[in-house]
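Visitor:
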Amino acid sequence: MSAIHRPLCPEGRSALRAPGLPDDKVSCPEQDRPFVLVATILASAMAFIDGTIVTIALPAIQTDLDASFGALQWVVNGYTLMLGALILVGGGLGDRIGRKRLFVVGIAIFALGSAGCALAPSSETLIAARVIKGIGAALLVPQSLAIISASFPKEIRGRAIGTWAAASAITTALGPPLGGFLIDTLGWRAAFWINIPLSAVAIALALRFIHENQGRSVSGRLDVLGGVMAVLGFGVLTYGLTGLTEAADGVPPQALVALATGVALLLGFVLVERGAEDPLMPLDLFHSRVFSGLNLATLFLYGALGGVLFLLPFDLIARRGLSATEVGLTLLPLGLIIGVLSRMSGGVADRHGPRVILTIGALIVTGAIVILALVLDDYWLGVMLPVLILAVGMGVVVSPLTTAIMNSVSDTRSGAASGVNNAASRIAGLIAIAGLGAVAGLVFALEGGVGTFGTLPDASDPAHLVTEAAFLSAYATAMWLAAGSAFCAALAASVSFIDPAQETVSDPL
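All residue numbers for the sequence shown refer to this note's numbering, where the first residue is 991 and numbers rise by one.
#1: Indicate whether A1075 and F1224 have their beta-carbon atoms separated by less than 9 Å.
#2: Can you find at least 3 beta carbon pairs, one from the segment 1376–1396 and one from the segment 1046–1055, that sit closer than 8 Å?
#3: Are there 16 or more other CB atoms within 10 angstroms of the CB of T1175, so buried, or fewer, so exposed?
#4: Closest to L1362 by C-alpha separation, out of G1474, R1179, K1144, Y1229, would be which residue?
#5: Determine the direct distance from the alpha carbon of G1060 to that of H1454, and round the result to whole angstroms.
#6: Taking 9 Å as the cut-off, decide whether the C-beta atoms of V1377 and G1351 are in contact.
#7: Can we say the segment 1095–1104 touches the segment 1126–1138, given the rule of at least three CB pairs closer than 8 Å?
#8: Using a Cβ-Cβ cutoff of less than 6 Å, which residues in the same chain neighbour G1165 once the five nearest sequence positions on both sides are dropped?
#9: Shortest alpha-carbon distance to S1484 belongs to which of L1062, L1391, G1088?
#10: Starting from the N-terminal side, write out each stretch of the alpha helix (DSSP H) that is 4 residues or longer and does not extend beyond the segment 1110–1158.
#11: Return the residue from the list I1125, A1245, R1310 that minimises the CA-CA distance to G935.
#12: Anyone know if the C-beta pair for A1159 and G1329 falls short of 9 Å?
#13: Can you tell which of L1092, G1124, P1019 has its C-alpha closest to the C-alpha of T1070?
#14: Should P1452 go down as buried or exposed, given a rule of 16 or more other Cβ atoms within 10 Å for buried?
#15: How long is the line joining the alpha carbons of F1281 and V1410, rounded to whole angstroms?
#16: Looking only at its own chain, which residues have a Cβ that is under 7 Å from the Cβ of I1031, when we skip the five neighbours before and after it?
#17: Between which two residues does the alpha helix (DSSP H) harbouring D1054 extend?
#18: Decide yes or no for the touch test of the segment 1458–1470 against the segment 1338–1347: beta carbon pairs closer than 8 Å, at least 3 of them.
#19: Considering just the uninterrupted stretch of the alpha helix (DSSP H) at I1077, what are its terminal residues?
#20: Buried or exposed, going by whether 16 or more other CB atoms sit within 10 Å of the CB of D1213?
#21: Where does I1184 fall in DSSP's three states?
#22: Taking C-alpha atoms, which residue in E1145, A1136, R1120, A1057 lies nearest to L1078?
#23: Quick check on H1342: does DSSP put it in helix, strand or coil?
#24: Report yes if the C-beta distance between V1026 and L1188 is below 9 Å; otherwise report no.
#25: Alpha carbon to alpha carbon, how far is A1140 from S1207? Give it in angstroms, no decimals.
#26: Following the continuous alpha helix (DSSP H) through H1454, name the residue where it begins and the one where it ends.
#27: Between A1308 and A1472, how many whole angstroms is the CB-CB distance? I'm expecting something under 8 Å.
#28: Under 9 Å between the Cβ atoms of L1256 and A1482?
#29: Sort R1198, G1152, A1479 by Cα distance to I1354 and report the nearest one.
#30: By a C-beta neighbour count over all protein chains shown, 10 Å radius and 16 as the cutoff for buried, is I1173 buried or exposed?
#31: Out of curiosity, what's the CA-to-CA distance linking F1290 and E1114?
#32: Give the single residue among G1297, I1122, M1036 whose Cα lies nearest to the Cα of L1168.
#33: Tell me the residue span of the alpha helix (DSSP H) that contains I1379.
#34: Are I1184 and V1094 close, meaning C-beta to C-beta below 9 Å?
#35: Just to check my reading of the structure: S1134 and I1186 have Cβ atoms closer than 8 Å, yes? What is that Cβ distance to the nearest angstrom?
#36: Can you tell me whether S1408 is buried or exposed? The criterion is at least 16 other CB atoms within 10 Å of its CB, across all chains shown.
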């Protein structure tokens, strides 16, 4: 996956808090609520684990479809781009046209994209289907917590959201081994086919048990232009970074043009947001030093994580000869440890303040990636140990980071702040996969690697040794850069706090 998706902000805050009914008025009969919970958990879980399973499937996809390394980057980033750039649009749209309606539409689009992925005859078709899936995920994910909030009264809402979060964390952790087993036994297409029956069950439950509720009236126009500018800006920037993958004979001019155009579009996005009546990204939030600094830390940290999780399966499968199932089992502790430690670290941060624990956690992540960059031959020391350390570091950071960001704004701005931070974590993975992938591809070519990064000739092939050496050099270089990104996250977290008191952003007039 491009990053660990955070389905729930700590301490019961929804990842994309949407307006709902007053606390004493809910639209869902008590007997229907368990089925509402199952529907939202099932749909959200599909979206959360999708990226994890796909990264494990990449080597098989590369072989079966004869896909270039740049195409593999887009297989991941096509989904992440749409989810990261459109998730705020999805939340606002649900408030306006009905959350149940958009939830069902999002699941249907996600299922359609999954079928397209499973049937894809080429990497280009697969990328297009992944984009469709990303659009569906951007529509369904924000509705999940909003539907729970509207279906459960205040006195049990926290328990319901906690159940949703725990189930989402467990399914996310189980995604890699399940996906690996499907890939090994039935082929990589099975990892997409499984979404079809799950989507059908989720839609059936939603239609039967979720009661439509548009919440309170939402004023202001939906910031469609902002959403379009964000998709175009990040998409073109990603295209430019991916184009650098094939820069062995010089930097392609079209890549430079794309990079410049992407930056210009993102500057245009900022201008659009400045003048928007109801912006997707309220710029006044960034008046808070804590909010700005910790979102920068989010970009660096989740960028490092996204790059690691994209690159690691290539080393495990292509060089070490692990099966997809074994790769899934290798990554299993990551989700489990993060889930266990998040609540504990949140309590520690509440008692002692977030600055130290955020800095230490990011430094632990840095150390884990440094070990990966050493490309040790021993599996337990070179892979399993750093994966466990990485899980501990992320488990230490995830909850306090989100809580500190939410505490840096007033309660009335928490929905917007949470949405910006969630989008930042996904966009970080998008840019990291494109950027670190470009570095890996470039170094691999410059070092004389044969073929594309991620594939190695047979051991009997004369080109095997030089290609393996090129792969190791490229892999290590990208990992060192990822470690540098995690270290920058530690620096950003450390300097974000002017004093122990949290800053808050006042409401706009």
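Where a beta carbon is used, it is the ideal one built from N, C-alpha and C, also for glycine.
Guide: In short, the structure shows the following:
#1: yes
#2: no
#3: exposed
#4: G1474
#5: 22 Å
#6: no
#7: yes
#8: I1039, T1042, I1043
#9: L1391
#10: 1113–1141
#11: Any question about residue 935 goes unanswered here, given that the chain covers just 991 to 1499.
#12: yes
#13: G1124
#14: exposed
#15: 10 Å
#16: W1154, A1157, S1158
#17: 1023–1055
#18: no
#19: 1059–1087
#20: buried
#21: coil
#22: A1136
#23: helix
#24: no
#25: For S1207, the pLDDT reaches just 43, beneath the cut-off of 50, and the residue's location in the model is therefore unreliable, although a value from the coordinates is still provided. S1207 and A1140: Cα-Cα distance of roughly 14 Å.
#26: 1454–1485
#27: With a Cβ gap of about 18 Å, A1308 and A1472 do not count as contacting.
#28: no
#29: A1479
#30: buried
#31: 30 Å
#32: M1036
#33: 1375–1397
#34: no
#35: So it is not a contact: roughly 19 Å between Cβ atoms.
#36: buried
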